[in-house]
Structures are given as structure tokens and as C-alpha cells.
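What follows is a set of notes on a single structure, which appears directly below.
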């Protein structure tokens with residue numbers, strides 16, 4: 001192809017290719033170029049060439065859609081010459097500037113998708129029979145730079161020991177050395193071959209100075225990895241799969257053509273919603289005593305989603321600070337529309353009213369089977385975790401709320417009299433006093449034992465049942481923080497939680513990013529230079545050398561089962577029903 005000399009910038013591009021600028025292993029791939037037109041800079045992996053304004057004008061794009069997406073047929077036939085990262089000056093502020101961005105002004109990822117929208121058709125048959133064990137075998141994974149051992153092409157980033165988890169160098173090292181890109185890609189792509197499930201998926205990056213970039217998308221896992229290493233987001237969120245590439249949304253003639261098609265059914269449970277009933281902590285603080293609320297929530301919701309809706313692939317993730325997220329990944333869950341998601345969220349939502357309001361639970365009788373099952377799970381936790389650990393009615397104001405939930409005025413006055421003469425009576429004793437006084441004549445003659453029993457059931461549910469952020473679950477286009485992100489406030493990694501061993505999970509023992517990087521560094525120090533140079537040791541991903549290993553292995557097993565079911569479903573759909581003769 002002839003070199004387009006009409007612009008000095010393009011000449012630099014081809015010179016860069018000829019000189020092999022990039023990672024030291026030959027010409028850099030197209031995706032490593034970046035043109036920041038607003039600053040008139042062309043960058044080859046950090047090598048910057050300034051455009052001479054006096055000699056030649058800066059690059060101009062007569063069609064910004066063409067420059068960004070490569071989908072518009074340009075009348076000047078410029079598609080041949082536009083670089084994959086070329087962006088019009090109007091489409092994106094320079095990363096790093098202190099800019100608060102809205103959804104409408106979110107920038108498009110500077111990434112080449114001309115070869116990523118359709119999976120290679122030649123691999124269709126091979127995909128059906130691919131070896132899933134090999135697909136998840138990290139030992140033979142050459143797609144990513146696995147090890148932080150010294151490498152001439154990819155120098156290891158070792159932040160100083162005094163660095164904090166919020167330092168950009170620490171986050172860059174985490175994204176370069178520890179983040180499990182391969183497993184995340186297979187989780188969202190549902191196959192080893194890139195397809196629309198990943199390529200049309202929205203990502204949203206939060207950068208320094210609270211710059212928020214929405215509608216990011218990537219043709220491959222490797223390009224996603226490069227973007228994370230380059231931009232070092234403090235966190236990123238995952239949104240739905242759209243009808244077209246999210247970066248191309250502004251090129252569509254009809255805005256209605258850009259719509260979300262699928263996304264995991266998600267749930268968000270935050271500890272701050274329990275502040276009115278937990279006594280040990282408040283706000284962003286947590287301890288093992290109040291973490292029991294999260295354990296109860298996981299147990300109740302996990303069994304409900306499996307038994308009542310038939311979902312099998314439910315990923316529970318620690319939020320990194322004070323809550324948990326659930327990702328229901330079954331294909332049937334991903335294809336739910338907003339109304340169906342709202343119905344499921346409403347089904348699982350029990351508590352009504354805000355903080356410090358009156359009666360929050362008023363379950364209809366007879367109890368729904370889901371409520372009966374939940375009550376059986378929660379009774380044990382109520383005695384140990386609520387009455388003993390939280391002691392929620394020790395103070396007079398809290399005890400008054402308990403009394404307001406009882407059905408008999410005479411019984412309430414009897415309890416007030418007894419508790420008034422015995423200050424600092426424990427919640428466990430106050431709970432027992434209700435039945436003792438009711439059975440010994442402390443209530444009125446009209447006291448109905450059945451109504452008292454039902455009122456106590458509602459109280460148990462109010463203090464133990466999961467408190468959902470229902471808005472997160474009801475909308476297909478809602479974004480949620482990705483697993484394995486680093487929480488910017490604590491430095492802890494958002495690791496998955498095995499619901500079968502949820503009682504053993506300790507949020508205060510979850511590794512921090514600085515701890516993990518220190519473990520990788522210590523691994524190579526202990527191994528010595530000879531062993532560190534061993535090929536097998538270098539191929540092993542760095543997370544295997546840290547306390548992150550069991551969490552990634554659990555996630556890998558979860559994804560493996562999900563992909564197997566996806567492929568089995570595809571085979572059944574393609575094979576159809578057998579004909580009868």
C-alpha cells in the first residue's frame with residue numbers, strides 16, 4: 001500500500017512501523033498506536049513525536065465517525081489511512097485531565113474493532129469440540145504476559161515498599177501482573193473465540209480525578225488488558241451486551257437501534273442498609289459481628305435463586321469493603337428483560353419502608369414457601385448473631401421499637417414496666433420476656449397467641465432478611481463493579497465467595513493489592529535467580545504465587561462449568577429434536 005504523505009502524522013506512523021517501535025519484538029500491533037489529536041501528539045508505546053505546527057497543519061478528520069469506528073463509508077476513501085486509535089478532537093478529552101463526564105459525553109475507547117465484530121467462521125466447528133480443560137490451562141497460555149519475572153520485552157513494575165494501594169504505580173503493577181484477564185474474558189464471552197458477548201459488552205472506567213469513561217468496549221481480552229495497564233482505572237464496571245458496538249453508538253442513524261440485549265441478573269447488598277439494626281459498626285466500617293448479615297443474605301438468596309427459579313451459575317463477590325454482589329450468569333437470566341428482572345427482585349424483596357420507619361415486615365399468612373424456608377434458615381442466626389452479638393434492644397429507644405411491633409397493648413405495658421425496673425437488660429432476655437409474660441397473664445384476655453407468634457416471625461425477618469438495593473436488579477442497563485477490582489477505599493480485591501463455605505469467609509482477611517505485589521516480589525527473591533529464570537516458573541501467572549490463588553481458581557472452576565453448559569446448550573439447539581419415523 002502506498003504511503004500517504006499528505007500528512008506528517010501518517011508518515012510518522014509508517015516510520016514507526018518500519019523502525020519496529022513498540023515492545024521490542026518487532027513492529028507494534030495496530031492497537032498500540034494512539035493519536036491524541038487535541039494535543040497534536042503521536043505516541044508509540046510511550047515514545048512521543050510532536051507535530052510541527054509551523055510546517056504543517058495538525059491532522060483534521062472530515063468525518064469523526066469514520067475516524068472513530070471505521071464503519072462510515074467516507075467519500076474521500078480515508079478508511080485506508082486512518083489509524084486504529086485516531087480520534088477526532090471533539091470526541092474525547094485527554095485522559096488525565098480533571099473532567100467530570102456524563103453518560104452523554106462519555107468518550108469512546110480508542111480501539112480498532114474492524115476485525116473484532118465477528119468471530120472467525122472457520123473456527124465454528126472447532127469451537128464445538130474445544131477442550132475446555134485446555135482452555136483454562138494457564139500453563140500454556142501465551143495470550144497474556146503471565147509472570148513478572150525479568151523480561152526484556154515487558155519490564156516488571158515493582159512499586160516501592162512504602163507505596164500505598166491508591167498510588168498509580170501500584171494499580172499499574174496490579175493490572176500488569178495479577179489481574180485474571182483470561183478468566184474474566186471467558187466468563188463474559190462464554191467461549192474461547194471472541195464474539196459479541198464480549199466485544200459488544202460495555203465497560204466503564206473510573207480514572208484519576210473521578211474521570212468516568214462509559215461505553216468502552218474491546219475486540220479481545222488482550223486489548224482490554226492493554227487498556228487497563230495504560231489507564232490504570234481505580235475501578236471498572238461491567239454493563240450489558242448491546243445490539244451494536246458501544247463505541248459505534250454515535251454513528252447510528254437511529255438512536256433506538258442502540259439498545260441493551262443481555263446482561264447477568266445482579267444483586268447488590270450493602271452493609272449501610274443495616275445501620276439501624278447493627279450496633280457494632282456504622283457507615284463504611286465492618287467487623288465479623290456485622291458481617292453475619294451478609295452471610296444470612298447469601299444463604300437466603302442463593303437457595304431462592306436456585307430452587308425457585310432454577311438458576312445454577314450464581315457468582316457471589318465481595319465488594320471490597322462492606323457488601324456483596326451476586327451475578328446470576330445463566331443464559332436464561334442474562335436474557336431477562338426489565339419487567340422480568342423487576343418481578344424477580346420484587347419476589348425476593350420483603351422489607352418495606354426506610355430507616356427508622358415503623359413495621360417493615362407484614363408478611364401475608366399463610367407464609368409463602370420462600371418465606372417459610374428463609375425463616376427456617378434465619379432463626380438460628382437470629383439467636384446467635386442478632387440477640388447475642390448485636391444486642392439490638394439494649395437501649396430504651398431501640399426497645400421501644402420492638403414493643404411497637406407487638407400486637408397487644410396490655411402486653412406492651414407489662415413489658416415496659418419490667419424493663420423499666422431492670423436497666424441494661426439484654427436483648428436475649430427481653431425477647432424471652434415476651435413469651436414469659438404472655439403465658440403468665442401479662443397480656444390482655446383478647447391476646448391471640450397466633451397473632452403474637454406471627455408478630456415475632458415478622459420481627460425475626462425484619463432483623464435478618466436480606467436488604468436488597470432493588471434498583472440495581474431491575475434494569476438491564478445497570479452497571480456493577482467487576483470482580484477482582486481493587487476497592488479504592490480499602491485496597492482489598494473484590495474476590496468471589498463460595499456460598500457453600502460462606503461461614504468461613506472473612507472479609508478482613510481478604511488480600512490487599514500491596515500485600516499481593518509484595519508476595520510476588522518475595523516469591524522471586526526466595527526462589528533465587530536460577531529458579532526464577534526457569535521457563536515453567538515464568539509461564540505461571542503471578543496470581544498463583546500469592547494469596548489470590550484460591551479465589552482465581554474458584555472463579556476459573558465457576559467459569560469452566562458455565563462455558564460447558566453454554567456449549568451443551570448450543571449443541572442441543574443446533575442438533576434439534578430427533579425425527580421419528
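Residue numbers (full-length UniProt numbering): 1 to 581. The C-beta atom is built at its ideal place from N, Cα and C for all residues, glycine as well.
Top-ranked residue by Cα proximity to residue i, from the options
| i | options | result |
| --- | --- | --- |
| residue 560 | 174, 341, 281 and 183 | 183 |
| residue 303 | 321, 430 and 326 | 326 |
| residue 414 | 434, 402 and 425 | 434 |
| residue 437 | 338, 406 and 460 | 406 |
| residue 609 | 501, 503 and 486 | Past the boundaries of the shown model lies residue 609; the chain is included only from 1 to 581, so the question cannot be answered. |
| residue 297 | 312, 309 and 317 | 317 |
| residue 452 | 242, 408, 480 and 462 | 408 |
| residue 539 | 500, 170 and 177 | 177 |
| residue 170 | 295, 492, 524 and 417 | 492 |
| residue 165 | 472, 515 and 347 | 515 |
| residue 319 | 294, 335 and 336 | 294 |
| residue 268 | 500, 466 and 503 | 466 |
| residue 179 | 570, 271, 553 and 478 | 553 |
| residue 232 | 393, 206 and 255 | 206 |
| residue 521 | 543, 191 and 571 | 543 |
| residue 266 | 477, 503 and 197 | 477 |
| residue 273 | 336, 254, 227 and 324 | 324 |
| residue 343 | 282, 372 and 309 | 309 |
| residue 285 | 490, 500 and 359 | 490 |
| residue 379 | 348, 447 and 292 | 292 |
Assigned secondary structure, residue i (DSSP; H/G/I helix, E/B strand, else coil)
| i | result |
| --- | --- |
| residue 330 | coil |
| residue 550 | helix |
| residue 343 | helix |
| residue 284 | coil |
| residue 217 | coil |
| residue 571 | helix |
| residue 349 | coil |
| residue 504 | helix |
| residue 247 | helix |
| residue 270 | strand |
| residue 395 | coil |
| residue 527 | helix |
| residue 325 | strand |
| residue 178 | coil |
| residue 499 | helix |
| residue 33 | Its pLDDT being 35, under 50, residue 33 is placed unreliably in this model, and the coordinates cannot settle the point. |
| residue 512 | strand |
| residue 224 | helix |
| residue 170 | helix |
| residue 28 | Annotation note: pLDDT 42 at residue 28 (below 50); position unreliable, coordinate value reported separately. Coil. |
| residue 193 | coil |
| residue 121 | Note that residue 121 scores a pLDDT of 38, beneath 50, so its modelled location is shaky; the value from the coordinates is reported in the next line. Of the three classes helix, strand and coil, the one that applies to residue 121 here is helix, per DSSP. |
| residue 389 | helix |
| residue 240 | strand |
Distance, residue j Cα to residue i Cα
| i | j | result |
| --- | --- | --- |
| residue 193 | residue 185 | 10 Å |
| residue 61 | residue 250 | Residue placement at residue 61 is flagged as unreliable, the pLDDT there being 32, under the threshold of 50; the coordinate-derived value follows with that caveat. Cα to Cα, residue 61 sits roughly 16 Å from residue 250. |
| residue 240 | residue 364 | 36 Å |
| residue 280 | residue 244 | 48 Å |
| residue 564 | residue 457 | 42 Å |
| residue 519 | residue 200 | 36 Å |
| residue 551 | residue 404 | 45 Å |
| residue 568 | residue 512 | 38 Å |
| residue 328 | residue 352 | 24 Å |
| residue 225 | residue 573 | 33 Å |
| residue 216 | residue 369 | 43 Å |
| residue 454 | residue 401 | 17 Å |
| residue 39 | residue 247 | Unreliable placement is indicated for residue 39, whose pLDDT of 33 sits below 50; the coordinate value is still reported in the next sentence. Each residue's alpha carbon lies about 22 Å from the other. |
| residue 188 | residue 228 | 17 Å |
| residue 570 | residue 198 | 17 Å |
| residue 283 | residue 276 | 11 Å |
| residue 315 | residue 484 | 12 Å |
Nearest-angstrom Cβ-Cβ length linking residue i and residue j, presumed shorter than 8 Å
| i | j | result |
| --- | --- | --- |
| residue 242 | residue 258 | 6 Å |
| residue 390 | residue 322 | The Cβ separation is near 16 Å, so there is no contact. |
| residue 481 | residue 237 | 5 Å |
| residue 214 | residue 204 | 5 Å |
| residue 387 | residue 431 | 6 Å |
| residue 376 | residue 474 | No, residue 376 and residue 474 are not in contact; Cβ-Cβ is about 28 Å, not under 8 Å. |
| residue 426 | residue 394 | 7 Å |
| residue 506 | residue 270 | 19 Å between Cβ atoms; not a contact. |
Every unbroken alpha helix (DSSP H) within the segment 398-485, with a cutoff of 4 residues, ordered by chain: 409-420, 427-439, 449-464 and 470-474
With a floor of 3 residues, list each beta strand (DSSP E) that falls wholly inside the segment 283-323, ordered by position along the chain. 314-318
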